[in-house]
Every structure is written in structure tokens, then in C-alpha cells.
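Asks: Can you read through this structure? Questions will come right after.
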Amino acid sequence: MAQRKSTGRSSLSKRAGRFADRFRVSDPRRFRLTQVDPADTWRLRSKEQAAGLLQEGVERLTELQEMLYAKDQWSLLLVFQAMDAAGKDSTIKHVMSGVNPQGCQVHSFKQPSSEDLDHDFLWRTTSRLPERGRIGIFNRSYYEEVLVVRVHPEVLMRQKLPSGLIGKDLWKERFRSINEHERHLASNGTIVRKFFLHVSKQEQLKRFQERLDRPEKHWKFALGDVRERAHWDQYMSAYEDAIRSTSTEHAPWYVVPADHKWFTRLVVAAAVVDALEDLKLEWPKVDSAKRKELATAREVLAGEG
Ligand code: ATP
Ligand code: MG
Numbered sequence: 056m057a058q059r060k061s062t063g064r065s066s067l068s069k070r071a072g073r074f075a076d077r078f079r080v081s082d083p084r085r086f087r088l089t090q091v092d093p094a095d096t097w098r099l100r101s102k103e104q105a106a107g108l109l110q111e112g113v114e115r116l117t118e119l120q121e122m123l124y125a126k127d128q129w130s131l132l133l134v135f136q137a138m139d140a141a142g143k144d145s146t147i148k149h150v151m152s153g154v155n156p157q158g159c160q161v162h163s164f165k166q167p168s169s170e171d172l173d174h175d176f177l178w179r180t181t182s183r184l185p186e187r188g189r190i191g192i193f194n195r196s197y198y199e200e201v202l203v204v205r206v207h208p209e210v211l212m213r214q215k216l217p218s219g220l221i222g223k224d225l226w227k228e229r230f231r232s233i234n235e236h237e238r239h240l241a242s243n244g245t246i247v248r249k250f251f252l253h254v255s256k257q258e259q260l261k262r263f264q265e266r267l268d269r270p271e272k273h274w275k276f277a278l279g280d281v282r283e284r285a286h287w288d289q290y291m292s293a294y295e296d297a298i299r300s301t302s303t304e305h306a307p308w309y310v311v312p313a314d315h316k317w318f319t320r321l322v323v324a325a326a327v328v329d330a331l332e333d334l335k336l337e338w339p340k341v342d343s344a345k346r347k348e349l350a351t352a353r354e355v356l357a358g359e360g
């Protein structure tokens, strides 16, 4: 019978961990968004140079995801937040390209429905959390509740909160709810990793212009996205506050440079590999009863031949 490759922590994975750490917010109180250059590519100069590394990362991720699934105890939640055109969709597509679709669940969160608004702000995402053994991806998430809702007070007004609860501590309370929620997830076997794809305002402009110039990208174009540019600074300060307030040991934020898509993918792949390596996953052990069953199966099949 073919044996699986060894699954010890490879030097690739160790490197992935060190590389991803550069973009992990480990000292939230000192964190400032200006510390991360959206155009950063570390020491890498080109997409071609990064291609081999990304391929290695995706292959390792494929193997780790199979073990996660076989083990059926942990789950991994990946949260993606960004301004429009920062590359959330394509990052998810590339990083997860080797992952068995059965072991992965992607959910996009848009404007909430009236049913969503009739519940607390963590309700709609909670029922979409990944099952044990799975990787769950949130393309936008409950973090919108401290981002778009903060930038647009009229959105908050539609949330039907009792007026007495809308005060100066509202955002602090939401951060607290989020931190408690993520702590709860961690202590029940869900690993949480959060990614802010940090694109510059200039690069966003360029990508919007490309969408206008290329007919196959027109479907991606929304006038509303362009209007949101007027609130750029407010979004940046909302992101900064959210990242500072909710980066924790068990649910860290990664602030990922997003002006070069090939680099964004590499950082996210490295961080996901690192998160799974930390679990020290192994193939489930086969006990003696199972070994006997396999031997019997072998005999039965041999009898057919
Ligand atoms: P893409 O543009 O790549 O297709 P997207 O995630 O931007 O993907 P859109 O349909 O363009 O999807 O936008 C979704 C919108 O829903 C965003 O503007 C986002 O801010 C908004 N949204 C998400 N969650 C909430 C929320 N809880 N309250 C209000 N608005 C929200
Ligand atoms: Mg959009």
C-alpha cells in the first residue's frame, strides 16, 4: 500500500511561519496602518520569483487540509476584509486552489437582510462558521459592523437598536463582543486568522480604471464603490482601530500589502500554512481492530482476483 509522505514540519513551513510573522500584528497597541507599505514585496522582485514559492505553499496547504479533514476535530476560519478591488476574491481563489472543495466553505457577506437586522450583529455569520475538519472563509464578515457601519451612521440607524444602547461606547462594546466571540471559538476548536488586504488609494484607482477599460471586468464595476473613495480616510481609521482593538494571540490580524497581487497571495498562503502547522496535525492512527478489518478486506478482495 502506498505510504503517505512524512508530515513533519518542513523547512518550507518554518520559512512560511517566519515570513508570515512579518505581517502579523503582534503588538496591537503600537500598531499603525502607516507602518505597512501597500506596495511592499519584501525581498522579492517579481511575480515569477514568487511563483515557485506560492506553488510550494499551495501544495503543503493541500496536504495539511487533508489531515485537518481526516482528524475532524479542529476547524479553521479565515476572515478577509479589504477596500474594494484589493483582491479578496482572487487571493481566495489562488490560495485555496489546491484545497478539496469538500473541505472548504466560502461565504460572502453583503448588505444584511431584514431577517439579519432583526438579530444581534454576530447572528448571521455564526451559522456559517466552519464545521470541524473544514476551512471556512468569510469574504467580508462581522467586522463590517465596525467598518462600513461606523463610516456610515445611517447604516447603524437601520439596525433597529434600542436608542439607549447607541452611545459613545458602542464601538468599544462591539470590539468586546468580537473578542469574546473569537475567544469562545478558539476554546472550542476553531482557529481564527484575519486578513486585511491593504491596497493603496492610488492602486485602487488604477484597478477601477482597468475595470472600466476591459469589457470582461465590467460586471465587477459598481458606481457605489467609486463613491466610497470619498470616505477613504474614515475607512482607514476604522480599520486601524478595529485591528488595534481585536488583534489577539488566538485570533491575530495580518495586514497584507495588496498593491501587488502575487505578493498578497504569498503572504496569505504562508499565514494559512503556519496556522495549520501549529496544530501539529497527523494522520489519524489506525488501531488493532481497524488493522484486522483492513487485513480482512485485503483477503476478501484477493479472493475475487
Ligand atoms: P465584489 O465587489 O468583489 O464583488 P464585495 O464584497 O465588495 O465583492 P459587494 O456586493 O460589492 O461585494 O459589496 C458588499 C457590500 O456590503 C459592501 O459595500 C459591504 O460594505 C456591505 N456590507 C457587508 N456587511 C455589511 C453590514 N453588516 N452592514 C452594512 N453593509 C455591509
Ligand atoms: Mg464590491
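Add 55 to a position in the sequence shown, counting from 1, and you land on the number used in my numbering. Glycine is no exception: its CB is placed at the ideal position from the N, C-alpha and C atoms.
(1) Using only the alpha-carbon positions, how far apart do G153 and E114 sit?
(2) Who pairs with K249 in a beta bridge, going by DSSP?
(3) Which residue comes first and which comes last in the alpha helix (DSSP H) that contains I221?
(4) Am I right that W308 and I298 are in contact with their C-beta atoms under 8 Å? What's the rounded C-beta distance?
(5) Using the C-alpha atoms, what's the distance from H162 back to S182?
(6) Rounded to a whole number of angstroms, what is the C-alpha to C-alpha distance between F318 and L108?
(7) Roughly how many angstroms lie between the CA atoms of E118 and S130, to the nearest whole one?
(8) Is A277 close to the ligand ATP? I mean its beta-carbon at under 7 Å from any heavy atom of the ligand.
(9) Hey, how far is the Cα of L220 from the Cα of R229?
(10) According to the Cβ coordinates, are G112 and A71 closer than 8 Å?
(11) Should R284 be listed as close to the ligand ATP, given that the test is whether its C-beta is under 7 Å from any heavy atom?
(12) Just grab the DSSP bridge partners of V80 for me.
(13) For H370, name the three-state secondary structure that DSSP assigns.
(14) Cβ of A362 within 8 Å of Cβ of P93?
(15) Return helix, strand or coil for V91, following the three-state DSSP convention.
(16) I believe T301 touches I233 by the beta-carbon criterion, under 8 Å. Please report the beta-carbon distance rounded to the nearest angstrom.
(17) So, for R79: in the same chain, excluding its five sequence neighbours on each side, which residues have a beta-carbon less than 8 Å away from its beta-carbon?
(18) To which residues does DSSP link S163 through a beta bridge?
(19) Drop a sphere of 10 angstroms on the beta-carbon of P217, count the other beta-carbons inside from all chains shown, and report buried for 16 or more, exposed for fewer.
(20) Any heavy atom of the ligand ATP closer than 7 Å to the CB of D175?
(21) How about the region 192-202 and the region 252-268: do they share at least three Cβ pairs that are nearer than 8 Å?
(22) Examine the ligand ATP and report whether any of its heavy atoms sits within less than 7 Å of the Cβ of F164.
(23) Assuming L88 and Y294 make a contact with CB atoms under 8 Å, what is their CB distance in whole Å?
(24) May I have the straight-line CA-CA distance separating S255 from D139, to the nearest angstrom?
(25) Distance check for E304 and D173, CA to CA, integer angstroms please.
(26) For the ligand ATP, is there any heavy atom lying closer than 7 Å to the beta carbon of P208?
(27) Alpha carbon to alpha carbon, how far is D224 from E337? Give it in angstroms, no decimals.
(28) Report the rounded CA-to-CA distance for P339 versus A125, giving the unit in angstroms.
Replies: In this structure, then:
(1) Using only the alpha carbons, I get a separation of about 7 Å.
(2) According to DSSP, K249 bridges with V134 and W308.
(3) Careful: I221 lies outside any alpha helix (DSSP H) and carries neither H nor E.
(4) Sure, about 5 Å apart at Cβ, within 8 Å.
(5) Cα to Cα, S182 sits roughly 11 Å from H162.
(6) Roughly 10 Å separates the two Cα atoms.
(7) Cα atoms of E118 and S130: separation of roughly 15 Å, rounded to the nearest angstrom.
(8) Yes, the beta carbon of A277 sits closer than 7 Å to at least one heavy atom of the ligand ATP.
(9) Between L220 and R229, the C-alpha separation is close to 11 Å.
(10) Taking C-beta atoms as the reference points, G112 and A71 count as a pair closer than 8 Å.
(11) Every heavy atom of the ligand ATP is 7 Å or more from the Cβ of R284, so no.
(12) For V80, which the question treats as bridged, DSSP gives no partner whatsoever.
(13) Residue numbering for the chain in the displayed model covers 56 to 360; residue 370 lies beyond these limits and cannot be assessed.
(14) Within the shown structure, residues of the chain are numbered from 56 to 360, placing residue 362 beyond reach of any answer.
(15) Under the three-state reduction of DSSP, V91 is assigned to coil, being neither helix nor strand.
(16) Your pair T301 and I233 checks out as a contact, with CB atoms roughly 5 Å apart and the cut at 8 Å.
(17) Scanning its chain for C-beta atoms nearer than 8 Å, with the 5 sequence neighbours on each side dropped, one finds around R79 the residues P307, W308, Y309 and A326, in chain order.
(18) N194, per the DSSP bridge assignment.
(19) P217 should be labelled exposed.
(20) No, the Cβ of D175 stays beyond 7 Å of every heavy atom of the ligand ATP.
(21) Counting Cβ pairs under 8 Å, fewer than three are found: no touch.
(22) Yes; taking the cut-off as 7 Å, the Cβ of F164 has a heavy atom of the ligand ATP nearer than that.
(23) Confirmed, about 7 Å.
(24) If you take the alpha carbons of S255 and D139, they lie about 11 Å apart.
(25) Answer to the nearest angstrom: the Cα atoms are 32 Å apart.
(26) Not under cutoff, so the answer is no.
(27) If I take the Cα positions, the gap works out to 45 Å.
(28) Using only the alpha carbons, I get a separation of about 7 Å.
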